[in-house]
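Participant: One structure, as structure tokens, below. Some questions next.
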Amino acid sequence: MFGVLAEEPEQIEQSYASCQPWPEQVVLDGERETLGLYLTGHPINQYLKEIERYVGGVRLKDMHPTERGKVTTAAGLVIAARVMVTKRGNRIGICTLDDRSGRLEVMLFTDALDKYQQLLEKDRILIVSGQVSFDDFSGGLKMTAREVMDIDEAREKYARGLAISLTDRQIDDQLLNRLRQSLEPHRSGTIPVHLYYQRADARARLRFGATWRVSPSDRLLNDLRGLIGSEQVELEFD
Numbered sequence: 001m002f003g004v005l006a007e008e009p010e011q012i013e014q015s016y017a018s019c020q021p022w023p024e025q026v027v028l029d030g031e032r033e034t035l036g037l038y039l040t041g042h043p044i045n046q047y048l049k050e051i052e053r054y055v056g057g058v059r060l061k062d063m064h065p066t067e068r069g070k071v072t073t074a075a076g077l078v079i080a081a082r083v084m085v086t087k088r089g090n091r092i093g094i095c096t097l098d099d100r101s102g103r104l105e106v107m108l109f110t111d112a113l114d115k116y117q118q119l120l121e122k123d124r125i126l127i128v129s130g131q132v133s134f135d136d137f138s139g140g141l142k143m144t145a146r147e148v149m150d151i152d153e154a155r156e157k158y159a160r161g162l163a164i165s166l167t168d169r170q171i172d173d174q175l176l177n178r179l180r181q182s183l184e185p186h187r188s189g190t191i192p193v194h195l196y197y198q199r200a201d202a203r204a205r206l207r208f209g210a211t212w213r214v215s216p217s218d219r220l221l222n223d224l225r226g227l228i229g230s231e232q233v234e235l236e237f238d
């Protein structure tokens, strides 16, 4: 009846191109754009270990009201941001930070808003210093911001080096040329580059010259991690 299928089907071998997996942020952006939500992770995951350096290990769920005259530092992903005008005509910036442990509403009044308004963008990682108090309206906490930095500014301020670790099996002329090509566009920064060379019997640190100081942006870090390996590229702190 189905004689048309009597012959054995020809076996077809499929071949696939070898390529690097997409960076996590690219995958997450695609998920949100396509599905309207994050499916496999959260954009702040890749920054959590780093931002602990900027906030002394304090997560948003652990925040408490500050004593009068004292400030504290918080960090998170901006999930909402807006500027409103009061009845008196004063402008107030409001953004909500999320670090997966909790959320914090941040208020920027006239002087702070004039200085930092350009940073109030959704999906940006911010590090904010200010005073924390109870919010009678929401029942939660709010921060009155004094200083705001994005992740790039925080790296320039707090990082002491960009560490690249290579083994003797990895190093060849092709890799070194690609490493130079990755670093070249970012040489306008202040962060020194340290190359750690690992052999079975020894480990040495080579410090690149001052003309190779870089700005450690996400683009640079992702390029280097894609080239060398995620665990072999990291920022150094005191």
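Mapping of the sequence shown onto the UniProt record's numbering: position 50 corresponds to residue 50, and the numbering continues sequentially without gaps.
Heads up, the beta-carbon is just placed ideally off N, CA and C, and yes, glycines get one too.
A quick note: this is a predicted structure, and the numbers were derived from the prediction, not measured.
So what does threonine 144 bridge to, in DSSP terms?
Facilitator: For the purposes of this step, residue 144 is taken as residue 144 along the sequence shown, with counting starting at 1. Answer is Met107 and Gln131.
Participant: Please state whether the Cβ-Cβ distance between arginine 199 and aspartate 172 is less than 7 Å.
Facilitator: Within the sequence shown, the letter at position 199 stands for residue 199. Within the sequence shown, the letter at position 172 stands for residue 172. It is not a contact, given that the beta carbons lie outside the stated cut-off.
Participant: For a quick check, are the C-beta atoms of leucine 104 and methionine 149 less than 7 Å apart?
Facilitator: Taking the first residue of the sequence shown as 1, we reach residue 104 at position 104. Taking the first residue of the sequence shown as 1, we reach residue 149 at position 149. Their beta carbons are not under 7 Å apart, which means leucine 104 does not touch methionine 149 by this criterion.
Participant: Decide if arginine 187 is buried, meaning its Cβ has at least 16 other Cβ atoms within 10 Å, or exposed.
Facilitator: Translated into positions along the sequence shown, residue 187 becomes position 187. With fewer than 16 Cβ atoms within 10 Å of its Cβ, arginine 187 is classed as exposed.
Participant: Helix, strand or coil for isoleucine 228 per DSSP?
Facilitator: Within the sequence shown, residue 228 is the residue found at index 228, counting from 1. If DSSP states are grouped into helix, strand and coil, isoleucine 228 belongs with the helices.
Participant: I'd like the ranges of any alpha helix (DSSP H) spanning at least 4 consecutive residues and lying wholly in the segment 160-197.
Facilitator: If we require 4 residues or more, the alpha helix (DSSP H) runs fully inside the segment 160-197 come out as 173-183.
Participant: Taking 8 Å as the threshold, find out whether the segment 204-220 comes into contact with the segment 177-187 through three or more Cβ pairs.
Facilitator: The segment 204-220 vs the segment 177-187: in contact.
Participant: Does serine 182 pass the burial test, meaning 16 or more other C-beta atoms within 10 Å, or should it be called exposed?
Facilitator: Position 182 of the sequence shown holds residue 182. The residue in question, serine 182, is buried, as its Cβ has 16 or more Cβ neighbours within 10 Å.
Participant: Figure out for me which residue from Pro65, Ile127 and Tyr47 has the closest Cα to the Cα of glycine 139.
Facilitator: Reading the sequence shown from its first residue, position 139 is the one you call residue 139. For the residues Pro65, Ile127 and Tyr47, the minimum Cα distance to glycine 139 belongs to Pro65.
Participant: For serine 129, which residues from the same chain have a beta carbon less than 6 Å from its beta carbon, with the 5 sequence-adjacent residues on both sides left out?
Facilitator: Looking up residue 129 in the sequence shown gives position 129. Here the set comprises Val71, Thr73, Arg146 and Glu147.
Participant: Could you tell me which residues DSSP pairs with isoleucine 94 in its beta bridges?
Facilitator: As a working mapping, residue 94 is identified with position 94 in the sequence shown. Bridge partners of isoleucine 94: Arg82 and Met107.
Participant: Excluding five sequence neighbours on each side, which residues of the same chain lie with their C-beta closer than 8 Å to the C-beta of isoleucine 164?
Facilitator: On the sequence shown, position 164 is the one that residue 164 refers to. Excluding sequence neighbours, isoleucine 164 sits near Leu179, Val193, His194, Leu195, Tyr196, Leu224, Ile228, Gln232 and Val233.
Participant: Expressed to the nearest angstrom, what Euclidean distance is found between the alpha-carbon atoms of alanine 154 and tyrosine 54?
Facilitator: Locating residue 154 in the sequence shown gives position 154, where the first residue counts as 1. Locating residue 54 in the sequence shown gives position 54, where the first residue counts as 1. When rounded, the distance between both Cα atoms is 7 Å.
Participant: With H, G and I counted as helix, E and B as strand and the rest as coil, what does DSSP make of arginine 53?
Facilitator: Taking the first residue of the sequence shown as 1, we reach residue 53 at position 53. Three-state DSSP puts arginine 53 in a helix.
Participant: Taking glycine 209 as the reference, give the member of Val83, Arg219, Ser101 and Thr190 with the closest Cα.
Facilitator: On the sequence shown, residue 209 is found 209 positions in, with the first residue counted as 1. The candidate whose alpha carbon is nearest that of glycine 209 is Thr190.
Participant: Using a Cβ-Cβ cut-off of 8 Å (strictly less than) and excluding sequence neighbours within five positions of glutamate 236, which residues of its own chain qualify?
Facilitator: Sequence index remark: in the sequence shown, residue 236 carries index 236 (1-based). Within the same chain, glutamate 236 has close Cβ partners Ala159, Arg160, Gly161, Leu162, Ala163 and His194.
Participant: Return the residue from the list Lys61, Met84, Gly69 and Arg100 that minimises the CA-CA distance to glutamine 46.
Facilitator: The sequence position of residue 46 within the sequence shown is 46, counting from 1. It is Arg100 whose Cα lies nearest to the Cα of glutamine 46.
Participant: What's the call for leucine 141, buried or exposed, on a 16-neighbour Cβ count within 10 Å?
Facilitator: By one-based count along the sequence shown, residue 141 stands at place 141. Label assigned to leucine 141: buried.
Participant: Alpha carbon to alpha carbon, what distance is there between leucine 28 and glutamine 174?
Facilitator: Within the sequence shown, residue 174 is the residue found at index 174, counting from 1. Within the sequence shown, residue 28 is the residue found at index 28, counting from 1. Taking the straight line from one Cα to the other gives about 31 Å.
Participant: At what residues does the beta strand (DSSP E) containing alanine 204 begin and finish?
Facilitator: As a first step, residue 204 is located in the sequence shown; it is residue number 204 there, counting from the start. Looking at the DSSP string, the run of the beta strand (DSSP E) that includes alanine 204 is 203-207.
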